[in-house]
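Trainee: Chains as they are written, first to last, in my numbering: chain A, 60 to 448; chain B, 60 to 448; chain C, 60 to 448; chain D, 96 to 215; chain E, 96 to 215; chain F, 96 to 215. Virtual Cβ for every residue (Gly too), placed ideally from N, Cα, C. This is the structure I have questions about; it appears just below.
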Ligand code: NA
Ligand code: NA
Ligand code: NA
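Listed below in structure tokens is the structure:
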């Protein structure tokens, strides 16, 4: 009878807490918005499923969850901890960037170099939020990881916080992807507040055609410059540009195809599932609760929102400042695309512009700052890495 | 001349034993049935090739085989030991389940929930064989790993025995896949023995159409319930259901496609090759021979057969018992499909039924218990994990 | 102000040496010839990009480069060092061979077994260069790794030198791929020097059709024989033949397809990038400079060229010797294809032959020694492994 | 001692089977609820559909048209050719008789470039 | 103490933003050079093209021909069928109504072989 | 000392080459046996085929029919369009002129949904 008792005690019902139930509901909501609202489904759906899986209470001593690694005194690494290792070791985000690079067309940026300034300006959200997080009492490493949410790049956020603040990885990743999904709701009010009606109607000249040679030289030049400026950005920018070179060079199509499909998908599934599964409601390390349901997570979500807002503000404001000096004015609505969140925030620029002039095509122009923002936040992550490691 | 002698002594001919030759022949037979009989070729062919490779005698001190890892005193992990690590760490079986989930349609089960009882009943083979293995003198962990052969699920068997009894992994995996391949020969006699002619002719109502919402909710509900009941099943059921959700949700097709193709194939090749390569004829660990050609392997093959037979028996019997209480009778021939061995045993139900009524289409109805059996044996594996870890 | 200084000191400009600049230029040249000359672009392009990335000076203490692993005292393995581990552990080359096997057709070899002698003869380049490297003062392990360049097989060279002489991996890999790319320039003069006009005009009988059974038995027999003769070749030959069996058996098409596409591409990208990134201009280990820009690299490039030349010479000469004994003469121009460099050197045989008789189709006949050379150099690598480990 | 092992084993087996049944029965219950809900909503929808049907009914299926068999053969042939040319490339082989090679792995775009001089 | 943390933080933030701007501005400068070069070469080419154009102008586009709509439907149908049969195989499902299964994972080539006896 | 190294090296080189030759010659022998067996069975089959041939000979090849060139162009165009639409999606790009984006990676099914209001 003792054994029967033991068997039954191994079921998870007894250990289920209200925190777990709440997290399972949150996971369900993530899946719901992924499917019904189509918000970043490739990431939010596996994250949501991971949140559910990560909040099933397991049996102490049985290695199952993402934290059940040999380092925790378990006799064997659990399968999920091996998946999660791909996140904490930092290996998945660069591989995902390799795939994204193999899918991204930088010609908008090449034909309109001014975009780069807008992409840089939007990174002000990262650094102001960093100061804000310090003010709220987060440590330097934590503040840097939280600030990078405003970079609006999932892999960059995960890469940086997995190295600097792995205990906050769950909330940071979920905040980043949530706000990226909510870009169409967050950005328009700020964009409208910051611009006059005349500015929103500015039309921009159609861009020139970019030659193959330029497209091939671009990734090589970007990797050299940005990694000389910020060596810490080499893992991310290096892989992004390798992927892009594979795509543009015209002689390695099969490699670009695999990088942008099979490899990207495999890394995406495992990364987003295990990031989700790392969000246990309550988890004690050295007596301190470092679980998801703490006031820190609330702080992270607040700061993340703040970061997105400041980044949008910064991008639009800088576009207006640039207009003071330019003969050919740019439409400041494309400034907000500098936060990255590719390609959603570029599409938001287009949508808002067309609310005022329905024949104004800004999408292509907005893609410039959009992809520049990816490079910009990768450089910002490199700076933080170099300072805090 | 000394060096020439040394060079020649490194060839494998000198060390080749009759045991190795016998194993190489067995590997060849596996390849033969895979190609000519088309029995589970995706698994038996690489396993057979692995058996051949694993029985080439290597040079002591040169890390080549699956057991030549740093942990065994070698100065470097061999390549094959790194492949094999993917098996013993338990990481490949859940990834294979992810892919299988992305290829499986559970609508038969959803439209006919009674199937789940048949899928549960067939697991009796696992537990009775477990007792049988104890009687034959196997330890608890070994007995559990042997019993799970009756679950008729390769990845589940490999997952459990890689954790509980890694020294028996080779014979257990090969027994499991061999009997799965032989399902069309093993099951029909038992099915006919257990049923009357009238029972075999029972026709079942065409199933209702299952909505997309149900298909999406199903994997989420299954993972919550089964992992609360048996947390040890989380790795397998979690991945199976994640794969299925990716397939059914309609917004992550590219992830489902990669999970069910590239990822599944890569894991299948490496897993089955290295399981095959782990079957060295004779292998001494701490002075005891734990190789393939021992009486233990004979016991495992015998118990594995017994397990399949009991599982078939259990499934059919339970269907007959259910019929005592049901108004709409079920055809007991679909009970045998509860052992899983997807989709072979479901097809066997169909084939046997049509021998008695050639217009009786049971395949769809048999798929219900068939996929239920996969969930059932994953839960059984979870129970064993929780007890014996 | 101190912090500002610290931040600026983290940029790479200060640490950039002329050696780095030179290496970056070399990387650019590799990319140029890959794109413009189409020389082995699938490998030279990622290698070239890797050379650029590997020569960006990073910050001491910040784990970024391929050598920044825990073993070097860094607190975390860098992402690139994890990539590079896939090379130094020897795991990528066999996986690449798996994919190549799944793309290779051995029927030319099967229908013309004499090809195997030519494939063996061309390996003389390996062993003579090995002696040459000893004469130049390289150690035994280094000399073996350098000699294998003459095998004209990238994965084999990388596999052997990653185990025997990892500090020379960069120059050896780049020499191997450079000369493989230059085969159309290196081989023709030697081939013409060694043959008479009449010999070059010899026509060969069209080959017989090879049955499916033979194609299936071939990989099994090759793996058994070659690994009994040279157990050290098991990792490479085993995977090459597994891939070929998956292709030829007709029942595992989906596995062959994934092995020859997604898996091959993923390994190719990561392997060639990280091999490139391992070529740092100057690198000190225990006070000695083991970087790329040393006289050793010059020696390796010289010996690699010598190895290719001797291999070509050996193949052609052996064909002429065989003709002394054969009734049906072979065209000695196919002897040079025995160096492997599949399929370039076979195509060179064809091109040279057609300069003298424009209706002479040698391509199919040259593929025999060509693929035999792959097996031959894998066996040679196995011999070196067995001797020097 | 051995008797004890077997007795324990029997208890484990029994409780294990119990847990398997419990788990699957719980899932079954949820699915039964599904079925009830679907049944109820189906009835409601059937009623609703009945009244809305007329408007839709006129929309005809795409007219499949009478395609002469010749044309169908032509189409199928063209598609088959197309597929051979465009989709089978990766599966192709490194060696074969007399040129015409498609291997993407090492050949890349070299074929046209290097052999072109000979082809003329 | 806290004030000091914030002050340091502000310096880090400022220098970080400075580095981001420096990096992107350097890239911008390179791209400006690109644009200048392209502009210059475009002018030269435009002139050159102007004189070479006539010879090329006569080459006509592939005549698209008038395809009757019926044929187009036929073609589209055939292709759709073809795709369904040949390309969707891997995506197919393990369970379905009444045979016709395409699942490649476990079925392999079994279907034809094992069921053929029953189909007759 | 150095002389000794070289002498050892020569022995290693010689035995290495010997092993390579031995291995490949053993494979060669097996392949020779193959060739003999195939030759023998080919003769037998040739005889057998000769007597069985007549029955099969009448089966005609699929009649390729005369497809007008117009139709072939139509078919090829349709297939090309089809391929562009259905198979190139994953290869597409994130940025381009004036809408029409197909990128599957981040766009998913959003395009239709979010932009639909604007398109009208
Ligand atoms: Na950004
Ligand atoms: Na089962
Ligand atoms: Na070779």
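#1: What residues in its chain sit with their C-beta under 8 Å from that of residue 152 of chain D, if we drop five residues either side in the sequence?
#2: To which residues of the same chain is residue 75 of chain B closer than 6 Å at the C-beta, ignoring the five residues directly before and after it?
#3: At which residues does the alpha helix (DSSP H) containing residue 363 of chain B begin and terminate?
#4: Identify which residue in A/258, A/270, A/232 has its Cα closest to the Cα of residue 170 of chain A.
#5: With a threshold of 8 Å between beta carbons, is residue 265 of chain B in contact with chain D?
#6: Count the other CB atoms, across all protein chains shown, that sit within 10 Å of the CB of residue 103 of chain A; report buried if there are 16 or more and exposed otherwise.
#7: Which residues of chain C have a Cβ atom closer than 7 Å to the Cβ of residue 327 of chain B, listed in chain order?
#8: Taking only runs that begin and end inside the segment 107-172 of chain C, name each unbroken alpha helix (DSSP H) of 4 or more residues, in chain order.
#9: Tell me, please, which residues DSSP counts as bridged to residue 344 of chain A.
#10: Report whether the distance from the Cβ of residue 408 of chain C to the nearest heavy atom of ligand 2 is below 7 Å.
#11: Determine the chain H residues that contact residue 78 of chain A at a beta-carbon separation under 9 Å, and present them in chain order.
#12: Skipping 5 residues on each side, what residues in its chain have a beta carbon closer than 6 Å to that of residue 294 of chain A?
#13: Can you find a C-beta in chain B that's less than 8 Å from the C-beta of residue 107 of chain D?
#14: If contacts are defined as beta-carbon pairs under 8 Å, then residue 341 of chain A and residue 78 of chain A qualify, I think. What distance do you get, rounded to the angstrom?
#15: Which residues mark the beginning and the end of the alpha helix (DSSP H) in which residue 326 of chain C is found?
#16: To the nearest angstrom, report how far apart residue 131 of chain E and residue 125 of chain E are at their CA atoms.
#17: Using a C-beta to C-beta distance shorter than 9 Å, which residues of chain C count as neighbours of residue 139 of chain B?
#18: Would you give the residue range spanned by the alpha helix (DSSP H) that residue 189 of chain B belongs to?
#19: Using only CA atoms, which one of B/426, B/289, B/351, B/228 lies nearest to residue 409 of chain B?
#20: By how many angstroms is the C-alpha of residue 118 of chain D removed from the C-alpha of residue 140 of chain D?
#21: Closer than 8 Å, CB to CB, is residue 235 of chain C near chain B or not?
#22: For residue 32 of chain B, is the beta carbon positioned less than 7 Å from some heavy atom of ligand 2?
#23: If you measure from the beta carbon of residue 93 of chain C to each beta carbon in chain A, is any gap under 8 Å?
#24: Pick helix, strand or coil for residue 268 of chain C, following the three-state DSSP scheme.
#25: Please list, in chain order, the chain F residues whose beta carbon lies closer than 7 Å to that of residue 435 of chain C.
#26: Check whether the Cβ of residue 289 of chain A sits closer than 7 Å to any heavy atom of ligand 1, and report yes or no.
#27: Name the chain B residues whose beta carbon is nearer than 8 Å to that of residue 290 of chain C?
#28: Can you check which of these residues, B/447, B/87, B/437, is closest to residue 215 of chain B by C-alpha distance?
#29: What does residue 397 of chain B touch in chain D if you count any residue whose Cβ is under 9 Å from its own?
#30: Could you confirm whether any beta carbon from chain A is found closer than 8 Å to the beta carbon of residue 317 of chain B?
#31: To the nearest angstrom, report how far apart residue 180 of chain A and residue 321 of chain C are at their CA atoms.
#32: Within its chain, find whatever has a CB closer than 6 Å to the CB of residue 314 of chain B; leave out the 5 residues flanking it on each side and keep chain order.
#33: Report yes or no: is there a C-beta of chain B within less than 8 Å of the C-beta of residue 347 of chain C?
#34: From residue 145 of chain E to residue 267 of chain A, what does the alpha carbon distance come to, in whole angstroms?
#35: Are there any heavy atoms of ligand 1 lying less than 7 Å away from the beta-carbon of residue 210 of chain A, as far as the coordinates show?
#36: Please go through the same chain and pick out, in chain order, the residues whose beta-carbon is closer than 7 Å to the beta-carbon of residue 231 of chain C, but skip the five residues on each side of it.
Mentor: Looking at the coordinates:
#1: Sequence index remark: in the fourth chain, residue 152 of chain D carries index 57 (1-based). Per-residue confidence for residue 152 of chain D stands at a pLDDT of 48, beneath the threshold of 50, marking its modelled position as unreliable; no derived number is given.
#2: Numbered from 1 along the second chain, position 16 holds the residue referred to as residue 75 of chain B. Its chain contains 116 as the residues whose beta carbon lies nearer than 6 Å to that of residue 75 of chain B, once the 5 sequence neighbours on both sides are disregarded; these appear in chain order.
#3: Here residue 363 of chain B is taken as the residue at index 304 of the second chain, counted from 1. Bounds of the alpha helix (DSSP H) holding residue 363 of chain B are 354-384.
#4: Within the first chain, residue 170 of chain A is the residue found at index 111, counting from 1. With distances taken between CA atoms, residue 170 of chain A lies nearest to A/270 out of A/258, A/270, A/232.
#5: Taking the first residue of the second chain as 1, we reach residue 265 of chain B at position 206. Output row for residue 265 of chain B: interface = no.
#6: For this step, residue 103 of chain A is matched to residue 44 along the first chain. So residue 103 of chain A counts as buried.
#7: Position 268 of the second chain, counted from the first residue, corresponds to residue 327 of chain B. Residues of chain C passing the Cβ test: 314.
#8: Listed in chain order, they are 138-147, 151-160, 166-170.
#9: Mapped onto the first chain, residue 344 of chain A falls at position 285. Answer by DSSP bridge pairing, in chain order: A/347.
#10: Counting from one through the third chain, the residue named residue 408 of chain C turns up at place 349. Residue 408 of chain C Cβ: outside cutoff for every heavy atom of ligand 2.
#11: Absence of chain H from the displayed structure is noted, the protein chains being A, B, C, D, E and F.
#12: The residue given as residue 294 of chain A occupies position 235 in the first chain. Here the set comprises 153.
#13: What you label residue 107 of chain D is simply residue 12 of the fourth chain in a count that begins at 1. Using a Cβ-Cβ cut-off of 8 Å, residue 107 of chain D counts as an interface residue toward chain B, since at least one Cβ of chain B sits closer than that to its own.
#14: Mapped onto the first chain, residue 341 of chain A falls at position 282. Mapped onto the first chain, residue 78 of chain A falls at position 19. About 5 Å separates the two Cβ atoms, so the contact holds.
#15: As a working note, residue 326 of chain C is residue 267 in the third chain. Where residue 326 of chain C is concerned, the enclosing alpha helix (DSSP H) stretches over 323-336.
#16: The sequence position of residue 131 of chain E within the fifth chain is 36, counting from 1. The sequence position of residue 125 of chain E within the fifth chain is 30, counting from 1. Here the alpha carbons of residue 125 of chain E and residue 131 of chain E stand approximately 10 Å from one another.
#17: One-based indexing of the second chain puts residue 139 of chain B at position 80. By Cβ distance, chain C contributes 153, 293, 294, 297.
#18: As a working note, residue 189 of chain B is residue 130 in the second chain. Where residue 189 of chain B is concerned, the enclosing alpha helix (DSSP H) starts and stops at 183-194.
#19: Along the second chain, one-based indexing puts residue 409 of chain B at 350. Measuring from the Cα of residue 409 of chain B, the nearest candidate turns out to be B/426.
#20: Looking up residue 140 of chain D in the fourth chain gives position 45. Looking up residue 118 of chain D in the fourth chain gives position 23. Here the alpha carbon of residue 140 of chain D sits roughly 33 Å from the alpha carbon of residue 118 of chain D.
#21: Numbered from its first residue, the third chain carries residue 235 of chain C at position 176. Chain B, which has no Cβ nearer than 8 Å to the Cβ of residue 235 of chain C, makes this no.
#22: This structure gives no information on residue 32 of chain B, because the portion of chain B shown stretches from 60 to 448.
#23: As a working note, residue 93 of chain C is residue 34 in the third chain. Yes, contact with chain A.
#24: Working through the third chain from its first residue, we reach residue 268 of chain C at position 209. Assignment of residue 268 of chain C by DSSP, reduced to helix, strand and coil, places it in the coil class.
#25: If you number the third chain from 1, residue 435 of chain C lands on position 376. Simply 115, 119.
#26: Taking the first chain and counting its residues from 1, one reaches residue 289 of chain A at position 230. Distance from the C-beta of residue 289 of chain A to the nearest heavy atom of ligand 1 is not below 7 Å.
#27: By 1-based counting over the third chain, the position of residue 290 of chain C is 231. Here the neighbours are 69, 70, 71, 115, 116, 117, 118, 121, 123.
#28: The residue given as residue 215 of chain B occupies position 156 in the second chain. Taking the Cα of residue 215 of chain B as reference, the smallest distance to any Cα among B/447, B/87, B/437 is reached at B/437.
#29: Within the second chain, numbered from 1, the residue matching residue 397 of chain B stands at position 338. The premise fails here: residue 397 of chain B is roughly 10 Å from chain D at the closest Cβ pair, so nothing lies under 9 Å.
#30: Locating residue 317 of chain B in the second chain gives position 258, counting from the first residue. Chain A contact via Cβ: present.
#31: Translated into positions along the first chain, residue 180 of chain A becomes position 121. Translated into positions along the third chain, residue 321 of chain C becomes position 262. Taking the straight line from one Cα to the other gives about 39 Å.
#32: Taking the first residue of the second chain as 1, we reach residue 314 of chain B at position 255. Excluding sequence neighbours, residue 314 of chain B sits near 305.
#33: One-based indexing of the third chain puts residue 347 of chain C at position 288. At least 8 Å separates the CB of residue 347 of chain C from every CB of chain B.
#34: Translated into positions along the fifth chain, residue 145 of chain E becomes position 50. Translated into positions along the first chain, residue 267 of chain A becomes position 208. Each residue's alpha carbon lies about 19 Å from the other.
#35: Translated into the one-based positions of the first chain, residue 210 of chain A becomes position 151. Checking the Cβ of residue 210 of chain A against ligand 1 gives yes.
#36: Counted from its first residue, the third chain places residue 231 of chain C at position 172. By the criterion of a C-beta distance shorter than 7 Å, residue 231 of chain C is surrounded in its chain by 204, 205, 208, 216, 220, 359, once the five residues flanking it on both sides are discounted.
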